[in-house]
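In what follows, a single structure is set out as structure tokens and then discussed.
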Amino acid sequence: MIPMQVREQQLGPPVYRTPFADEWTKLEAMLIQVRNLLQKHRLDPVLVTLDKEHIRGPSSEGYEAWLTDRAAAQRRAFFARRKFLYHIAIISFHIAALWKRTNDPRHWYDYLLENGVQGHVLDSLSASVVADFTPNNPRAGLFIKPDAFSWSTYLPVLILANVPIFVYWGPVRSRIAAPAQLNSLKPSKEAVSAAQQLLTDVFDTEGRQPSFETTGRAPEFLSTDTPGTFFAERAAYRAARIRIETEEQRQRRLSREKRATSYLITSNGEDTVFEWDFDWERMRWKREIVLRHDRLSAWSGYDKKDKRYDSVVKEWDLAYFFESSVREARDGEELDEQEVNDHSSNPLFRDGDCKLDPPPPPNPPPPLNRDDVPVEEVPDIGGTPASAIQTPRPPTTTLVTPRVPTATLATPHVPTATPRVPIATTSWLPTAPTGWTSRAATTISGPPEDGEIGIDGEWRPNFPTLMAVLISRHLFRWGISLDDLPLPDGKLLSWSQACKAVGFCPTPEIKCTLDAGKSEGANAFATWVSCMVQNTHPPADWWLLASPSRLRELLRTNDLRIFHLEDPHEDRNLRMWCLDDRGHARYKRTWFAAVENPSTALATAMSHRSIDEAVRWMITTLIYSPRASYEVKQGLKMMDPHLGHRPLRRPTNYVFNVADFCAYEEFRDHFLQANPRIGRAALLAGGILWRLAIESVERDLVLDGPNTIKTALGITFALRDHADDVFIDDSLTADEIHIIIGTYTRDPIFWRNVSGSGFPSWWPDSGHFEASSLDFGWWSPVAEAWYCELRAKYRKGNAQPKTGPEWRNVLRNRDKRARMFTEHSKTAAAAFLRGIST
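At position 479 of the sequence shown the residue is numbered 706 (this note's numbering), and the sequence of numbers has no breaks.
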């Protein structure tokens, strides 16, 4: 339903118009300008008959006029919005024809920019369905009538350029007879019948009466439903949807089902979580959505047998009554095929779920017992005397970490991993390492959520506490006395300077927390950071890295082992710290977690007892720069289907404005979302690339394996172990990095050498960021404050993008104490790990 603006009149009825009339007018004018320029640029007589006289634009509906009839205003706005597809389809065809003729997918962009179209307009078009020719990407296409079209020679151009063709077959009752070359596109009677049942994909425009009702929606749980009747309706809906799904939809559904077998979720995942509870007031079951900040805690309170996944609507259901429909396998018992499907390792719905009619729980909640509220007598339920009814036992809050199955190889060169191993690093310690008794460690609670929406509507990460970072990443602990700390040769830092050196903005709450941990805790903390900045080792009772024997003993109590691998590329000298279960050493490994930062590897090994738990922890933290590596054999070389995304372009000495930055953000988000490999690799890259991707890319992507096509092309991160097995993961090319950070070239001939430092970009590249004091190994409050401040300047037009040397100078002038502190901690951690790793 399109909203209407209402203007009350003194005499007569109110008048209505769409509130987007002005925006639609500007959009149509822009599309007409682009369409006319591309029409003139063609060399072939394409679409000669499809001019304004034959296809009237949105303005022909008069949506900008005030109408006294609300229904008439709705109809005009509805058809006006649909008519934008006419312009979009023709523009898409011209872009496809130019790409086919010039073999350059961005020729249209350069041509329109040189002919006066504003750059931010072209950036927005690049991020839309108009110019995205990525295979299998939903986008606009052409509408044809099979009994009237006369340019069938251009159909191969459309198909090769991935332009969808929408065929008008006429009314369902009497469809148009199609020419022979279109018979393969004609839908079958079964597909039409199934679509009619779901009220989707079949519509009849006779009478020009648009339908504003939502169609094809999954059945909702009603107050009159039982769990069984609701699951039965959902099962019928799933079956109908699966019958008419395309091959692309089928592959995505199967991918979701495979990912669900690992029973892993994130706080901001794409799957919705519902929890079943009994409403004692109304004496019926209720199904309520679990809010984002409660997802992980609710999830950990249920076993596998209490969870069901709907891969069509992407919803999880959590309920204790599910176990009544599951029969566990006894020791030594083999299950038949039907029983295997019903086993608790299968997260999908079973036939028995459609018959569930669970009774109320045996233990109702106790009545209120307050002085001002009379205590009501608890009614008998099921013949049980009220005196026998006890207070219900709350569900367990123990974190359930399922075993991740071993990855398997589907082909000699493509790994298809069931577990979907994540790749992220960690900055937060959920529990104190084994054997620690410090007062600060006892204040650490459950894992933080990914973030929250602030007052200004922007996403903000939920950061770990200062003490959590000190304990987990830098192995700090309170010593016996302040006198034990050696005074550094240089000047002592204040507690506020020390906070910034470890990545936190000083606040009164932080000072109170430090003083609560120990007498004069803020001064002791500042002295300890001063020692680290001056590269002076604190005493053993203040720093666990100064006590190697104690640290080795703590690591032996955990089940994670650490080993190191070198990058096989000769042009790089990169050591990766790898984490694996100790039991994996007894058999052939297929995957492991690898991080470059030694502080991250050490903190993860000390605080987790299994690689599965560590992987789940990595997904939900602000830490980055890990890798999950999969074994892969020698791949086959193949053609890259990627159609050549390249950085945006602006003329020399161009002055950027707010519209340019907004168009860049739109293009960047589309670029990250359109290709799962790119979005996943950006999340795993860490630093500024992680921050730019985290708001637009689903966290669940880190559970997917590496992209098989890019692996065969060599576009991948690789490690080689001592057995000469190669382990790979997704990586970004230089061009992809420059697109994400918003680099602009000046001329088409330079785009293949965009790695040069003379081109402006909205954000620094990963190399400049990692060499600055903003890189703490995790996304810190200091880095977030810098990011938000600079983004606000861009959105107000108060800042311009910078070239590579300008970024280097700006970041170099920041507080160098943070860089010195981080490097000292990393150096000490790396030295220790070299002595214990295999």
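Beta carbons are placed, not taken as given, at the ideal position from N, Cα and C, and that holds for glycine. Given the structure is predicted, the values throughout are model-derived calculations rather than measurements.
Are the Cβ atoms of Leu-325 and Leu-339 separated by less than 8 Å? As a first step, residue 325 is located in the sequence shown; it is residue number 98 there, counting from the start. As a first step, residue 339 is located in the sequence shown; it is residue number 112 there, counting from the start. With respect to the 8 Å criterion, Leu-325 and Leu-339 are not classified as neighbours on the basis of their beta carbons.
Between the Cα of Pro-241 and those of Asp-331, Arg-509, Ala-300, Phe-894, spot the shortest distance and give me the residue it belongs to. Residue mapping note: residue 241 aligns to position 14 of the sequence shown, counting from 1. The residue with the shortest Cα to Cα distance from Pro-241 is Ala-300.
Taking only the alpha-carbon atoms, compute the straight-line gap between Gln-436 and Arg-308 and give it to the nearest angstrom. Stepping through the sequence shown from its first residue, residue 436 is reached at position 209. Stepping through the sequence shown from its first residue, residue 308 is reached at position 81. Note that Gln-436 scores a pLDDT of 41, beneath 50, so its modelled location is shaky; the value from the coordinates is reported in the next line. Near 14 Å, if we compare the C-alpha coordinates of Arg-308 and Gln-436.
Check whether the Cβ atoms of Asp-1002 and Ile-964 sit closer than 8 Å, and answer yes or no. By one-based count along the sequence shown, residue 1002 stands at place 775. By one-based count along the sequence shown, residue 964 stands at place 737. At the C-beta level, Asp-1002 and Ile-964 stay beyond 8 Å of one another.
From Gly-913 to Gly-1004, what does the alpha carbon distance come to, in whole angstroms? Start at 1 with the first residue of the sequence shown, and residue 913 comes out as number 686. Start at 1 with the first residue of the sequence shown, and residue 1004 comes out as number 777. Separation of Gly-913 and Gly-1004 (C-alpha to C-alpha, rounded to the nearest whole angstrom) is 8 Å.
Using the DSSP secondary-structure output, state which residues sit across from Gln-478 in a beta bridge. Residue mapping note: residue 478 aligns to position 251 of the sequence shown, counting from 1. None; Gln-478 has no bridge partner.
Of all Cβ atoms in chain D, is any one closer than 8 Å to the Cβ of Met-759? Of the chains in the structure shown, none is chain D; there is only one protein chain.
DSSP beta-bridge partners of Ala-945: Counted from its first residue, the sequence shown places residue 945 at position 718. According to DSSP, Ala-945 bridges with Ile-955.
Proximal residues to Ser-219 (C-beta, below 8 Å), its chain only, five neighbours per side dropped: Any question about residue 219 goes unanswered here, given that the chain covers just 228 to 1065.
How do the stretch 482–497 and the stretch 531–543 stand: do at least 3 beta-carbon pairs fall below 8 Å, yes or no? Contact holds: three or more Cβ-Cβ distances are below 8 Å.
Roughly how far, in whole angstroms, is the beta-carbon of His-764 from the beta-carbon of Ala-751, given that I think they are within contact range, below 8 Å? Residue mapping note: residue 764 aligns to position 537 of the sequence shown, counting from 1. Residue mapping note: residue 751 aligns to position 524 of the sequence shown, counting from 1. 16 Å between Cβ atoms; not a contact.
Look at the alpha carbon of Val-882 and the alpha carbon of Asn-1025, and state the distance between them as a whole number of angstroms. Locating residue 882 in the sequence shown gives position 655, where the first residue counts as 1. Locating residue 1025 in the sequence shown gives position 798, where the first residue counts as 1. Cα to Cα, the separation comes out at about 11 Å.
Candidates Ala-728, Ala-695, Ile-469: closest to His-1051 by CA position: Residue numbering aside, residue 1051 sits at position 824 when the sequence shown is read from its first letter. Of the candidates Ala-728, Ala-695, Ile-469, the one whose C-alpha sits nearest the C-alpha of His-1051 is Ala-728.
Cβ-based neighbour list, Ala-358, same chain, cut-off 6 Å, excluding 5 preceding and 5 following: In the sequence shown, the residue the question calls residue 358 occupies position 131. Within the same chain, and ignoring the five residues on either side of Ala-358 in sequence, the residues whose Cβ sits closer than 6 Å to its Cβ are Ile-322, Leu-352.
Excluding the five sequence neighbours on either side, which residues of its own chain have a C-beta within less than 7 Å of the C-beta of Thr-879, listed in chain order? Within the sequence shown, numbered from 1, the residue matching residue 879 stands at position 652. Same-chain partners within the cutoff: Arg-973.
Using DSSP's beta-bridge definition, name the partner residues of Asp-504. By 1-based counting over the sequence shown, the position of residue 504 is 277. Lys-513.
Spatial neighbours of Gly-748 within its chain, please: C-beta separation below 7 Å, excluding the five flanking residues on both sides. Here residue 748 corresponds to residue number 521 of the sequence shown, with the count starting at 1. Only residues of its own chain outside the window of five on either side were considered, and among them Leu-741, Asp-742 have a CB closer than 7 Å to the CB of Gly-748, listed in chain order.
Answer with buried or exposed for Asn-824, where buried requires no fewer than 16 other C-beta atoms within 10 angstroms of its C-beta. To locate residue 824, count along the sequence shown from 1; it is residue 597. Asn-824 sits buried, since 16 or more C-beta atoms from the chains shown fall within 10 Å of its C-beta.
Taking 8 Å as the cut-off, does the stretch 901–911 touch the stretch 1035–1053 (at least 3 CB pairs, one atom from each stretch)? In this structure the stretch 1035–1053 does not lie against the stretch 901–911, because fewer than three pairs of beta carbons, one per stretch, are closer than 8 Å.
DSSP beta-bridge partners of Gln-232: Numbered from 1 along the sequence shown, position 5 holds the residue referred to as residue 232. Arg-244, per the DSSP bridge assignment.
Starting from Phe-457, trace the alpha helix (DSSP H) both ways and give me its first and last residue. Within the sequence shown, numbered from 1, the residue matching residue 457 stands at position 230. Unbroken alpha helix (DSSP H) run through Phe-457: 454–471.
With DSSP run on the structure shown, which of helix, strand or coil describes Ser-999? Taking the sequence shown and counting its residues from 1, one reaches residue 999 at position 772. It is coil, neither helix nor strand.
List the residues that DSSP assigns as beta-bridge partners of Trp-543. Locating residue 543 in the sequence shown gives position 316, counting from the first residue. Trp-543 is bridged to Val-500, Tyr-536.
Run through the DSSP bridge pairs and tell me what Ser-988 is partnered with. By 1-based counting over the sequence shown, the position of residue 988 is 761. Beta-bridge pairing links Ser-988 to Thr-970, Lys-1029.
What residue range does the beta strand (DSSP E) around Arg-788 cover? For the purposes of this step, residue 788 is taken as residue 561 along the sequence shown, with counting starting at 1. Unbroken beta strand (DSSP E) run through Arg-788: 787–793.
What's the call for Gln-236, buried or exposed, on a 16-neighbour Cβ count within 10 Å? Taking the sequence shown and counting its residues from 1, the one referred to as residue 236 is at position 9. When all chains shown are included, Gln-236 counts as exposed.
Let me check understanding here. Comparing Cα to Cα, which of Arg-947, Phe-247, Ser-988 lies closest to Ile-1017? The residue given as residue 1017 occupies position 790 in the sequence shown. Ile is not the amino acid found at residue 1017; the sequence shown has Leu there. When only C-alpha atoms are compared, the closest one is Ser-988.
Does DSSP put Trp-705 in a helix, a strand or coil? By one-based count along the sequence shown, residue 705 stands at place 478. DSSP places Trp-705 in the coil class of the three-state scheme, outside both helix and strand.
Pull the bridge partners of Leu-294 from the DSSP assignment, please. Against the sequence shown, residue 294 aligns to sequence position 67. Residue pairing for Leu-294: DSSP places it in a beta bridge opposite Tyr-243.
Taking all protein chains shown into account, do 16 or more other C-beta atoms lie within 10 angstroms of the C-beta of Glu-1011, making it buried, or fewer, making it exposed? Sequence index remark: in the sequence shown, residue 1011 carries index 784 (1-based). With 16 or more other Cβ atoms inside 10 Å of its own Cβ, Glu-1011 counts as buried.
Burial state of Arg-303, where buried means 16 or more other Cβ atoms lie within 10 Å: Locating residue 303 in the sequence shown gives position 76, counting from the first residue. By the neighbour-count criterion, in which 16 or more other beta carbons inside 10 Å mark a residue as buried, Arg-303 falls on the buried side.
Starting from Ile-921, trace the alpha helix (DSSP H) both ways and give me its first and last residue. Taking the sequence shown and counting its residues from 1, the one referred to as residue 921 is at position 694. From DSSP, the alpha helix (DSSP H) with Ile-921 extends over 914–921.
For Val-756, report the span of its beta strand (DSSP E) as first-last. On the sequence shown, residue 756 is found 529 positions in, with the first residue counted as 1. From DSSP, Val-756 is part of no beta strand (DSSP E) but of the alpha helix (DSSP H) over 748–760.
Three-state secondary structure (DSSP) of Trp-1006: Here residue 1006 refers to the residue found at position 779 of the sequence shown. In the structure shown, Trp-1006 sits in coil (DSSP, three-state: anything other than H, G, I, E or B).
Looking at C-alpha atoms only, which residue of Pro-589, Asn-573, Pro-574, Tyr-547 is the closest neighbour of Leu-583? Position 356 of the sequence shown, counted from the first residue, corresponds to residue 583. Nearest of Pro-589, Asn-573, Pro-574, Tyr-547 to Leu-583, Cα basis: Tyr-547.
Which residues mark the beginning and the end of the beta strand (DSSP E) in which Asp-392 is found? Within the sequence shown, residue 392 is the residue found at index 165, counting from 1. Checking the sequence, you will find Ile at residue 392 rather than Asp. From DSSP, the beta strand (DSSP E) with Ile-392 extends over 392–394.
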